[in-house]
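Q: Protein chains in written order, with my numbering: chain A, 371 to 481; chain B, 35 to 148.
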């Protein structure tokens, strides 16, 4: 069964550093997403990506964040100058016309 | 603005009981609704997806219903087992949103006591 793959599963970084979270969506899907979940809180939408560009972004997704699909298969989330409050589980998802499929998440810990 | 609420926030029941988890949403214009399971510190596992035109979906001991007009969905778990202990999340995909993002409830934390 096709699946969304995220790497790494856990990343620890120092405050102020840049991190890149990686995702391999399901190959024939057209819509890609990043969500995050701060410990104990709701899952929050960050950004959606369609046709090689951002189609929508939330208030959370400010200039600190960027997304890329560098090679037509990978889908990355870059967080510049990380802050303590960026510590969360980050989920990548992809969708065709119906169901969204999620990766297992990357737990980001900023220290 | 679509909002999703899940009640109760936590539920603890003895093994073997049948139980119902509730999800409500404020805007009935949805494309579909998904139920997910999340184990502590882990990822999101999709359990069931109900399209807006459907009334229910079943998978094994799980049955999800959808009443779009009243803005409600329920997840029924039959013959609960300790392995069912997890947080159950519902998420709706608004019909008016062409980007298909999901709007999430806060989840129901379920504990099944052996």
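Glycine is no exception: its CB is placed at the ideal position from the N, C-alpha and C atoms. Just so you know, these numbers come straight off a predicted model, no measurement behind them.
Just the C-alpha distance for residue 116/B and residue 418/A, rounded to the nearest angstrom, thanks.
A: Each residue's alpha carbon lies about 36 Å from the other.
Q: By the 7 Å beta-carbon criterion, what residues does the stretch 104-118 of chain B contribute toward chain A?
A: Listed in sequence order: no entries.
Q: Measure from the C-beta of residue 466/A to each C-beta in chain B and report whether the shortest distance is under 7 Å.
A: With 7 Å as the cut-off, residue 466/A does not count as an interface residue toward chain B.
Q: Applying a beta-carbon distance threshold of less than 8 Å, which residues of chain B neighbour residue 435/A?
A: Under the 8 Å cutoff, chain B gives no residues; its nearest Cβ is about 15 Å from residue 435/A.
Q: From what residue to what residue does the beta strand (DSSP E) around residue 465/A run?
A: Residues 458-465.
Q: Of all the beta strand (DSSP E) runs that stay within the bounds of the stretch 53-120 of chain B, which reach a length of 3 or more residues?
A: Counting only runs of 3 or more, we get 53-59, 64-72, 78-85, 90-93, 96-101 and 106-111.
Q: Could you check which residue in 37/B, 45/B and 39/B has the C-alpha nearest to that of residue 147/B?
A: Of 37/B, 45/B and 39/B, the residue nearest in Cα terms is 45/B.
Q: For residue 456/A, I'd like the list of residues in its chain whose CB is within less than 7 Å of its CB, leaving aside the five on either flank, ordered along the chain.
A: Counting only Cβ-Cβ distances below 7 Å, and skipping sequence neighbours, we find 449, 478 and 480.
Q: Within 10 angstroms of its Cβ, does residue 128/B collect 16 or more other Cβ (buried), or is it exposed?
A: Its Cβ being crowded by 16 or more others within 10 Å, residue 128/B is buried.
Q: Under the three-state reduction of DSSP, which class applies to residue 423/A: helix, strand or coil?
A: In the structure shown, residue 423/A sits in a strand (DSSP, three-state: E or B).
Q: Mark residue 89/B as exposed unless 16 or more other C-beta atoms lie within 10 angstroms of its C-beta, in which case mark it buried.
A: Exposed, since its Cβ has fewer than 16 Cβ neighbours within 10 Å.
Q: Give the straight-line distance between the Cα atoms of residue 475/A and residue 420/A, rounded to the nearest whole angstrom.
A: Cα to Cα, the separation comes out at about 20 Å.
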